[in-house]
RNA sequence: GCGUCGGUGGUAGAGUGGUCUAAUACACGAGACUGUAAAUCUCGCGGCUUUACGCCUUCGUUGGUUCGAAUCCAACCCGGCGCA
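Numbering (our numbering), first residue to last: 272 to 659.
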C-alpha cells in the first residue's frame, strides 16, 4: 500500500489523496462501504461497484464465526470469495468488544446522546463478554459457543481473510466509560497494538516481506472524549510504525466538538500516512471530518438505514413508509443520477416498503450508497477547487 | 319456514357476571438507528380533559335480570350450515 497526498488544503486540514493498493487506487477522501459478512446487505457485488464504492470493510469477528477464515482463504481470499475487484479492509473485531459487551448491556450506540448519566468505572466487566489482558472472551451470537479473540488471533484471521488493509485489535470502549476506565483501556489497546504489529511483521518476514500483495496494517487510536487521552494515544500509536491509522470510539456529542477533537487527535499523527475514521458517516458528518483531515471513513448508516426505510437525499432524510409518499411521483432524489432515481418514483418505493418487499430495501440501499459516494466526490472537488 | 351455530375495536381473533377500553396478532401512526447483535427496536393506536390507571362512550339492536353485563334472559335484525 502506498499513500500520496496530491493536495493539502490551505483553508483546513482537508487533503486530497491517492491510496494505492494491490487492488487499485482509492481517491480520498472516500466513503468506505460496510460489508461486515463479505456482502453489502441486499446488493450484489456488481451493484456495489455501480454505486461508485471504492473500498469495502469486512469484519474479522463475523467472518471468523461464519464461514471461518480458512474457508475464505481456500476461496482465494475475501476479494475472490465475494467477487470484489477493488480495495478492501477488515475491521479487527475490536468494535464487537463494545457492541456485544457494554453496548448491548446498556442499549447504547458508540455515539452517545446528551443526558445519559450512567457510567462505566474502571474494573467493570460487561455481562456477556470478558475482557482480559490477553484478549476478549466472546459468546457466538450464532450458537452461543465460547470464543476467544485477542491481538494475535485477530491478526492471524485477518491475514487469512486477505484484505488490503487490516486493523489492529483494540477495545472500542463504551461512551459511558469514565476517565479511569478509558485510561486503562487505551493503555491496553496500545499494548495490543504492539503485539499486532509484531505478529504481522513476523508474517511478512516469513512471506519474504513486501511485494505488491503486502497487507497494510493500521493502528487504532482511542481515548474517548478526553483530549489528553486522545493525543497521548495518537502519539503512542503514531510512533509505532503502522502503515496508517484508524480513529475509533466516540469523541464527543456535538459536531463542533467532534471536529475539534478530531483535529487535535489527527494533529498528533504522522501527516503523510492515511487516516481512517471508524464508523462515522452520516451526510452531516462529511464536512467536519474531511476538514479535520480524515482520508477514509466507513459507516453502516446508508445500508442499515436503507433497510429500515430511511433514504438520504440532497434535501434530507426521507422516511419511505410515510403514507404521503404513495402519491409522490417524483424520483427519490431529483438531483441524484443513480439508476434508482432515474427509473423509479417515491410512490413505487413507498409501496415496496409498505409491502415489505426486499426490492425496496435493495433500491434504497443502492441509492444511499451512491448518494454518499457522490457526496464524498463533491468534497474532493471542493478541496481541488480550494473551497474547503 | 324449522333447526342449529354465530355476530367483539381498521382486520383477524381471545374473553362467557366484577380485576374490560376489552388479550394477542396484523394493519395504521410517531420515533430511534453512526468500525451491523439489527429487513431491527421503542412508543402510540375509542373520545375528552386539570394526562389520572379521571370522566364519558363502546363487544349486532332493543328491553330485562343483577349491587354490577361483552359475558345471563327475551324479542328483533343480520350471517353460516343443515332440513324442508
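The C-beta atom is built at its ideal place from N, Cα and C for all residues, glycine as well.
Being a predicted model, the structure only gives us computed values, none of them experimental.
N-terminal and C-terminal residue of the alpha helix (DSSP H) that residue i is part of
{"i": "residue 321", "result": "316-321"}
{"i": "residue 222", "result": "What the structure shows of the chain is the stretch from 272 to 659, and residue 222 is not part of that stretch, so it cannot be assessed."}
{"i": "residue 590", "result": "It is not in any alpha helix (DSSP H) - residue 590 instead sits in the beta strand (DSSP E) that spans 587-590."}
{"i": "residue 533", "result": "526-537"}
{"i": "residue 374", "result": "373-377"}
{"i": "residue 614", "result": "610-614"}
Close beta carbons around residue i, own chain, < 8 Å, minus the five adjacent residues each side
{"i": "residue 592", "result": "580, 621, 624 and 625"}
{"i": "residue 412", "result": "336 and 371"}
{"i": "residue 555", "result": "526"}
{"i": "residue 537", "result": "284, 505, 518, 546, 563, 564 and 565"}
{"i": "residue 404", "result": "459 and 462"}
{"i": "residue 281", "result": "657"}
Range of the contiguous beta strand (DSSP E) that encloses residue i
{"i": "residue 500", "result": "It is not in any beta strand (DSSP E) - residue 500 instead sits in the alpha helix (DSSP H) that spans 498-509."}
{"i": "residue 489", "result": "487-492"}
{"i": "residue 546", "result": "546-548"}
{"i": "residue 617", "result": "That residue, residue 617, is in no beta strand (DSSP E); its alpha helix (DSSP H) goes 617-625."}
{"i": "residue 417", "result": "417-420"}
{"i": "residue 275", "result": "273-279"}
{"i": "residue 302", "result": "301-305"}
{"i": "residue 407", "result": "407-410"}
{"i": "residue 437", "result": "436-438"}
{"i": "residue 517", "result": "515-518"}
{"i": "residue 441", "result": "No beta strand (DSSP E) contains residue 441, which DSSP labels as neither H nor E."}
{"i": "residue 361", "result": "359-362"}
Beta-carbon separation (whole angstroms), residue i vs residue j, contact threshold 8 Å
{"i": "residue 406", "j": "residue 421", "result": "2 Å"}
{"i": "residue 438", "j": "residue 361", "result": "7 Å"}
{"i": "residue 638", "j": "residue 595", "result": "Their Cβ separation, rounded to whole angstroms, is 19 Å, which puts residue 638 and residue 595 out of contact at 8 Å."}
{"i": "residue 359", "j": "residue 329", "result": "7 Å"}
{"i": "residue 505", "j": "residue 539", "result": "4 Å"}
{"i": "residue 327", "j": "residue 343", "result": "Going by Cβ atoms, the distance from residue 327 to residue 343 rounds to 14 Å, so no, they are not a contact pair."}
{"i": "residue 601", "j": "residue 616", "result": "7 Å"}
{"i": "residue 325", "j": "residue 301", "result": "5 Å"}
{"i": "residue 443", "j": "residue 492", "result": "With 8 Å as the limit, residue 443 and residue 492 do not qualify as a contact, their Cβ atoms being about 11 Å apart."}
Three-state secondary structure (DSSP) of residue i
{"i": "residue 293", "result": "coil"}
{"i": "residue 553", "result": "coil"}
{"i": "residue 396", "result": "coil"}
{"i": "residue 401", "result": "strand"}
{"i": "residue 563", "result": "helix"}
{"i": "residue 663", "result": "Absent from the model: residue 663. The displayed extent of the chain is 272 to 659, so no value can be given."}
{"i": "residue 478", "result": "coil"}
{"i": "residue 329", "result": "strand"}
{"i": "residue 632", "result": "helix"}
{"i": "residue 342", "result": "helix"}
{"i": "residue 648", "result": "helix"}
{"i": "residue 571", "result": "coil"}
{"i": "residue 659", "result": "coil"}
{"i": "residue 448", "result": "strand"}
{"i": "residue 581", "result": "strand"}
{"i": "residue 432", "result": "helix"}
{"i": "residue 388", "result": "coil"}
{"i": "residue 521", "result": "coil"}
{"i": "residue 287", "result": "strand"}
{"i": "residue 298", "result": "strand"}
{"i": "residue 466", "result": "helix"}
Residues near residue i by beta carbon distance below 6 Å, same chain, minus five either side
{"i": "residue 364", "result": "331, 332, 420 and 425"}
{"i": "residue 285", "result": "561, 562, 654 and 659"}
{"i": "residue 530", "result": "559 and 563"}
{"i": "residue 276", "result": "286 and 288"}
{"i": "residue 474", "result": "430"}
{"i": "residue 494", "result": "457, 500, 501 and 504"}
{"i": "residue 573", "result": "639, 640 and 643"}
{"i": "residue 455", "result": "393"}
{"i": "residue 604", "result": "584, 585 and 612"}
Local Cβ density within 10 Å of residue i, reported as buried at 16 or more and exposed below that
{"i": "residue 521", "result": "buried"}
{"i": "residue 441", "result": "buried"}
{"i": "residue 508", "result": "buried"}
{"i": "residue 416", "result": "exposed"}
{"i": "residue 499", "result": "exposed"}
{"i": "residue 397", "result": "buried"}
{"i": "residue 345", "result": "exposed"}
{"i": "residue 608", "result": "exposed"}
{"i": "residue 510", "result": "exposed"}
{"i": "residue 651", "result": "buried"}
{"i": "residue 689", "result": "Because the chain spans 272 through 659 in this model, residue 689 falls outside it and cannot be assessed."}
Own chain partners of residue i with C-beta closer than 7 Å, once the 5 adjacent residues on each side are dropped
{"i": "residue 391", "result": "373, 445, 447, 448, 449 and 452"}
{"i": "residue 318", "result": "637"}
{"i": "residue 273", "result": "291"}
{"i": "residue 435", "result": "272, 292, 293, 294, 358, 359, 360, 486 and 487"}
{"i": "residue 551", "result": "560, 568 and 570"}
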